[in-house]
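In the working numbering, the protein residues as written are 917 to 1793. Beta carbons are placed, not taken as given, at the ideal position from N, Cα and C, and that holds for glycine.
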Amino acid sequence: MYALKRDKRDEEDGGSGNPFNNLEKTTVLQEARTFNETPLNTRKCANILTKMIYLLNQGEQLATVEATEAFFAMTKLFQSNDPTIRRLVYLCIKELAGIAEDVIIVTSSLTKDMTGKEEQYRPAAIRALCTITDGGMLQAIERYMKQAIVDKNSSVSSAALVSSLHMMKSTPDVVKRWVNEAQEAVNSDNVMVQYHALGLLYQIRKNDKLAISKLLTKYTRTTLKSPYAVCLLIRIASKLIEDDDAGLESPHFDFIESCLRHKSEMVIYEAAHAIVNMKSTTPRELAPAVSVLQLFCASSKPTLRFAAVKTLNKVAMTHPAAVTACNIDLENLITDSNRNIATLAITTLLKTGSESSVDRLMKQITSFMSEISDEFKVVVVQSIRSLCQKFPRKHNVMMNFLSGILRDEGGFEYKKAIVDTIINIIEDSPDGKEAGLAHLCEFIEDCEHTSLGVKVLYLLGKEGPKTSQPCKYIRYIYNRLILEKASVRAAAVSSLAKFGAHCEELLPNILVLLQRSLLDCDDEVRDRATYYLNILNQKQKGLYSQFILNGLSVSIVGLEKALHQYTLEPLESPFDIKTVPVATQPLIEDKKADVPIIGKSKDKVAASRQDIFADQLSAVPELSSLNLGPLFKSSLPIELTESETEFVVRCIKHTFTSHIVLQFDCTNTLSDQVLENVYVQVEPSEGFEVVCYSPCSRLQYSVPGTAYACISLPNDPLVVLGTLSNTLKYLVKDCDPNSGEPDDEEGYEDEYVLEELDIVLSDHIQKVLKTNFSAAWEEITAKNELEDTYAFNLKTLEDAVKNVLQFLGMQPCERSDKIPENKSSHVLFLSGVYRGGHMVLVRAKLAVRADTEGVTMNIAVRSSDPNVSEVIASAIG
């Protein structure tokens, strides 16, 4: 192109500058007037067209008037027969087609070029013509498109096929008529034509599974010359196997496996990639694909090595044993000159390596960490994190490595990954707690990331007081009060308060340090210091647990609404925190959760799932008139019908203080029927009583509708479990499937029996996290404590813990749901809030019985209400 030519001076300067860097839209549009000159200056016009294309591809926005003027000026260039000018014009037409008006004016010129003898013009003319052609005009050029698809010139045929693919989005009915031409094009000797033709055939038939299956059967039996087309066949076969959930029994899987022996490396890799990504494959079935990838690891081509190791890395996440055979080849790739390949190799080894190889791997990683980008460093650290969980006894080696790279330079994501991994080791391995905290203390001395400083301070406040020498962390925390910004200082105040609440011998010193923060320049820091000082001066462990060691577990959105309502209608009684809904998720759910940055946030707190349900229920007239109070808990959906039945019904249980509202989400799958006055008649067990129904007025085909039923809970506080029989009742009207209008105005009554629904113990308990379980346990005291022992016919502690969590629906605390390896006994700590706002804690001691297969559990329950303790202690038996 003329625009890409540089004069000698540019070549001497190295030509490193971009000649289009300082282009202005208005200047280029003014230069476009050159197109009207006679005779045409082809070199100058080519340069202007190149500038226009550059601006448009850089995201420059043209107004409709500007684009139209430039377009009409450009049409004058059809007078030139210069190949470069003509091809640039085609490109500009495609760019301006969606902006300018009356672009169809060049249809005849493009049609002429498309059918002309100049081979250089034809492919680009086809692409430009199809861009400006709408559905109404497509039939006018249909004959030319059919001819172009089967043209002997491969460039013309490919251009027509690709343009047809694009037009499938807007005018599929017309393009579907070109199926015969596309089938003929599949037989082309050109690899790209064959690939594009097969792609078009698939798009035409993709909504017909039988047609796709026949397409696969036809072309898998014949040998296609194009490796691109074979790769497409593999992808189509994989999708069909996945959609049909056919698994390895599908005949199409045999085709994919046969492609592992294809002569093209591209096809071999595509087949291996397809097999390892199938959901139902086992290590034995993965073996042929892994063997092929293992051979690629030793290839002289970097692209093949990269593809192989990246795919093996993915396989290692789900089937690490299948990749173990490749470990020697992967170790050879650690020294690969391409550091991306080396990184993927080392992270794969970290997932598949044995405990004995950890030390060697750590040494190898250290040698090249400084040579790779932060993005790959994060991948390495995440792999080390999973390795820590796999081999907890090696935490010292990995902790030393992590502390070393934590001192190196790096961005936020990299540092965050390291800190998260160290925190994970601290929480999982009690032996590594103090070493990990020491490394993190050193890190925050010179930490430039506020959120990471806050996260570490939060951890120090949580774990530091439980160590053998908690006083050694005070200096690091107090340094943050002197040297850091307001949000970090506020976190430091909270952390110091936890030391004072937990460690009685440190309390006098903590009070002195907090008093110094009363003069802080930031109001958040001053308010926190004042708040904690007042509580600590009371010297009451119950207050410490409630307001320092374990914070409020309420819904932020619900609290805001309750306070706003209280201010609108002031009452004589003080505001009761029990009227606020409990938070549906704890502040820190697991090791992946981030500690929120302390300080003022500009982002509005998002409403939780429970808050959304509360708004929906308050809008139902029949329910709002009952004054049910705040919504306590909403269950997950429970299917009351099979998914293939004529009516699909699922239920969500909404628990209130003394009622349960059943939300029935109904879908009518019959196109020839309309249902009216739809409700679910509930027959509860003894003690439960139906208060009211809220029917769905109309249930059309495939349009979901909702009906409600309100059930009052038994007066006896010890009766909380029950079974509900459900029957869907409705008025049926036959209708026209196309219009949905009923044929008969009267209709007839009918009913449909649904599955039974159980009210279980977990419906009455909301999960609430206690970050310091022992303090919460002491706060409630043993006044209402009940204890009992049970025996389970379960083989492992993991099964017992899983069953207890599912039955009680409570939140595991202090990571007690994670059972260390080779343990025969374990203690599970659970916390929650019982319906009515009563705090409840459970300490379950589990042990595997040596004489018989089974698990024994000793459970102790404490609650602020004696009835709650009795309900939970007796429910398990």
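- Task: Let me know if Ile1528 comes out buried or exposed under the rule of 16 or more other beta-carbons within 10 Å of its beta-carbon.
- Result: As a working note, residue 1528 is residue 612 in the sequence shown. It is exposed - the Cβ of Ile1528 has fewer than 16 other Cβ atoms within 10 Å.
- Message: How far does the beta strand (DSSP E) with Asp1527 in it extend, from its first residue to its last?
- Response: Start at 1 with the first residue of the sequence shown, and residue 1527 comes out as number 611. Note, Asp1527: premise wrong, no beta strand (DSSP E); alpha helix (DSSP H) at Arg1525 to Ser1534.
- For the beta strand (DSSP E) holding Ser1610, just list the boundary residues, first then last. Position 694 of the sequence shown, counting from 1, holds the residue named residue 1610. For Ser1610, the enclosing beta strand (DSSP E) stretches over residues Glu1605 to Ser1610.
- Message: Quick test of your reading: Cys1567 and Phe1580, contact by CB under 8 Å. State the CB separation rounded to the nearest angstrom.
- Response: Here residue 1567 refers to the residue found at position 651 when the sequence shown is read from its first residue. Here residue 1580 refers to the residue found at position 664 when the sequence shown is read from its first residue. Right, the Cβ-Cβ distance comes to about 5 Å (below 8 Å), so this counts as a contact.
- Query: How would you label Thr980, buried or exposed, when you count the other beta carbons within 10 angstroms and need 16 or more for buried?
  - Reply: One-based indexing of the sequence shown puts residue 980 at position 64. By the neighbour-count rule (16 or more Cβ atoms within 10 Å), Thr980 is not buried but exposed.
- Would you mind working out which of Gly1621, Pro1600 and Val1295 sits nearest Asn1593, comparing C-alpha positions? Within the sequence shown, residue 1593 is the residue found at index 677, counting from 1. Checking every option, the nearest Cα to that of Asn1593 belongs to Gly1621.
- Message: Beta-carbon within less than 8 Å of Ala1789's beta-carbon, same chain only, minus the 5 sequence neighbours each way: which residues are those?
- Response: Along the sequence shown, read from residue 1 onward, the residue named residue 1789 stands at position 873. These residues qualify, in order along the chain: Leu1702, Glu1703, Asp1704, Ile1775 and Val1777.
- Check whether the Cβ atoms of Tyr1448 and Ala1413 sit closer than 7 Å, and answer yes or no. By one-based count along the sequence shown, residue 1448 stands at place 532. By one-based count along the sequence shown, residue 1413 stands at place 497. It is a contact, given that the beta carbons lie within the stated cut-off.
- Less than 7 Å separating the beta-carbons of Met1285 and Ile1321? As a position in the sequence shown, residue 1285 is number 369, starting the count at 1. As a position in the sequence shown, residue 1321 is number 405, starting the count at 1. Yes, the Cβ-Cβ distance between Met1285 and Ile1321 is below 7 Å.
- Quick one: is Thr1264 buried, meaning 16 or more other Cβ sit within 10 Å of its Cβ, or exposed? Counting from 1 along the sequence shown, the entry for residue 1264 is found at position 348. Buried.
- Message: So the candidates are Asn1709, Val1758 and Arg1759; which of them puts its Cα closest to the Cα of Arg1765?
- Response: Here the question's residue 1765 lines up with position 849 in the sequence shown. Nearest C-alpha to Arg1765: Asn1709.
- Message: Rounded to the nearest angstrom, what separates Gln1385 and Asp1781 at their Cα positions?
- Response: To locate residue 1385, count along the sequence shown from 1; it is residue 469. To locate residue 1781, count along the sequence shown from 1; it is residue 865. Answer to the nearest angstrom: the Cα atoms are 37 Å apart.
- Going by DSSP, which residues form a beta bridge with His1742? Reading the sequence shown from its first residue, position 826 is the one you call residue 1742. Looking at the DSSP assignment, His1742 forms a beta bridge with Leu1762.
- Item | Segment contact, 8 Å Cβ cut-off, at least three pairs: the stretch 1378-1397 with the stretch 1706-1722 | Segments in contact, no.
- Return the CA-CA distance between Val1297 and Ala1333, expressed in angstroms with no decimal places. In the sequence shown, residue 1297 corresponds to position 381, counting from 1. In the sequence shown, residue 1333 corresponds to position 417, counting from 1. Spanning the two alpha carbons is a distance of roughly 6 Å.
- Confirm, please, whether the CB-CB distance from Asp1290 to Gly1327 is below 7 Å. If you number the sequence shown from 1, residue 1327 lands on position 411. If you number the sequence shown from 1, residue 1290 lands on position 374. With a cutoff of 7 Å on beta-carbon distance, Gly1327 and Asp1290 are scored as near each other.
- Buried or exposed (CB count within 10 angstroms, at least 16 for buried), Asn1312: Your numbering for residue 1312 matches position 396 in the sequence shown. By the Cβ-count criterion, Asn1312 is exposed, with fewer than 16 other Cβ atoms from all chains shown falling within 10 Å of its own Cβ.
- Item | Opening and closing residue of the alpha helix (DSSP H) in which His1355 lies | For this step, residue 1355 is matched to residue 439 along the sequence shown. His1355 -> alpha helix (DSSP H) spans Lys1349 to Glu1361.
- What does DSSP give as the partner residues of Phe1794 in its beta bridges? Residue numbering for the chain in the displayed model covers 917 to 1793; residue 1794 lies beyond these limits and cannot be assessed.
- From the DSSP output, in three-state form, read off Pro1346 for me. Working through the sequence shown from its first residue, we reach residue 1346 at position 430. Three-state result, Pro1346: helix.
- Identity of the residue in Ala1408, Ser1302 and Ser1207 nearest Thr1234 by Cα: Within the sequence shown, residue 1234 is the residue found at index 318, counting from 1. Checked all of Ala1408, Ser1302 and Ser1207; the closest Cα to Thr1234 is Ser1302.
- Backbone CA spacing between Thr1087 and Ile1576 [nearest angstrom]: Against the sequence shown, residue 1087 aligns to sequence position 171. Against the sequence shown, residue 1576 aligns to sequence position 660. Rounded to the nearest angstrom, the two C-alpha atoms are 52 Å apart.
- Between the C-alpha atoms of Ser1174 and Ala1145, what's the straight-line distance to the nearest angstrom? In the sequence shown, the residue the question calls residue 1174 occupies position 258. In the sequence shown, the residue the question calls residue 1145 occupies position 229. So the alpha carbons of these two residues sit roughly 15 Å apart.
- Which of helix, strand or coil does DSSP assign to Cys1008? The sequence position of residue 1008 within the sequence shown is 92, counting from 1. In this structure, Cys1008 counts as helix in the three-state DSSP scheme.
- Task: Mark Gly1656 as exposed unless 16 or more other C-beta atoms lie within 10 angstroms of its C-beta, in which case mark it buried.
- Result: Within the sequence shown, numbered from 1, the residue matching residue 1656 stands at position 740. Exposed, because fewer than 16 other Cβ atoms sit within 10 Å of the Cβ of Gly1656.
- Nearest-angstrom beta carbon gap, Ala983 and Leu1012 [assumed within contact, 8 Å]: As a first step, residue 1012 must be located in the sequence shown, where it is residue number 96. As a first step, residue 983 must be located in the sequence shown, where it is residue number 67. Their Cβ separation, rounded to whole angstroms, is 5 Å, which keeps Leu1012 and Ala983 in contact under 8 Å.
- Query: In terms of residues, what are the limits of the beta strand (DSSP E) holding Ala1625?
  - Reply: One-based indexing of the sequence shown puts residue 1625 at position 709. Counting along the chain, Ala1625 sits inside the beta strand (DSSP E) bounded by residues Gly1621 to Ser1628.
- Query: In terms of DSSP beta bridges, what is Phe1708 paired with?
  - Reply: Counted from its first residue, the sequence shown places residue 1708 at position 792. Beta-bridge pairing links Phe1708 to Val1771.
- Message: Could you check whether Val1648 and Gln1589 sit closer than 7 Å to each other, using their CB atoms as the reference points?
- Response: Taking the first residue of the sequence shown as position 1, residue 1589 is located at position 673. Taking the first residue of the sequence shown as position 1, residue 1648 is located at position 732. Taking 7 Å as the Cβ cut-off, Gln1589 and Val1648 qualify as a contacting pair.
- Beta-carbon gap between Asp1245 and Cys1213 smaller than 7 Å: For the purposes of this step, residue 1245 is identified with residue 329 of the sequence shown, where counting begins at 1. For the purposes of this step, residue 1213 is identified with residue 297 of the sequence shown, where counting begins at 1. In this structure, Cys1213 lies closer than 7 Å to Asp1245 by Cβ.
- By DSSP, does Lys1518 sit in helix, in strand, or in coil? Within the sequence shown, the letter at position 602 stands for residue 1518. Below a pLDDT of 50, predicted positions are generally treated as unreliable, and Lys1518, at 38, falls in that range; no measurement from the model is reported.
- Item | Residues of its chain near Asn934, where Cβ-Cβ distance is below 7 Å and the 5 sequence neighbours each way are ignored | Numbered from its first residue, the sequence shown carries residue 934 at position 18. Contacts found: none.
- Bounding residues of the beta strand (DSSP E) (the contiguous stretch that carries Leu1045): Stepping through the sequence shown from its first residue, residue 1045 is reached at position 129. First-last for Leu1045: Arg1038 to Ile1048, but that is the alpha helix (DSSP H), not the beta strand (DSSP E).
- Item | Of the listed residues Ser1074, Tyr1646 and Glu1605, nearest to Tyr1664 (C-alpha basis) | Here the question's residue 1664 lines up with position 748 in the sequence shown. When only C-alpha atoms are compared, the closest one is Tyr1646.
- Task: Would you mind giving the Cβ-Cβ distance between Thr1282 and Phe1317, rounded to the nearest angstrom? I have them listed as a contact below 8 Å.
- Result: Stepping through the sequence shown from its first residue, residue 1282 is reached at position 366. Stepping through the sequence shown from its first residue, residue 1317 is reached at position 401. Right, the Cβ-Cβ distance comes to about 7 Å (below 8 Å), so this counts as a contact.
- Using the C-alpha atoms, what's the distance from Pro1143 back to Lys1062? Position 146 of the sequence shown, counting from 1, holds the residue named residue 1062. Position 227 of the sequence shown, counting from 1, holds the residue named residue 1143. Cα to Cα, Lys1062 sits roughly 25 Å from Pro1143.
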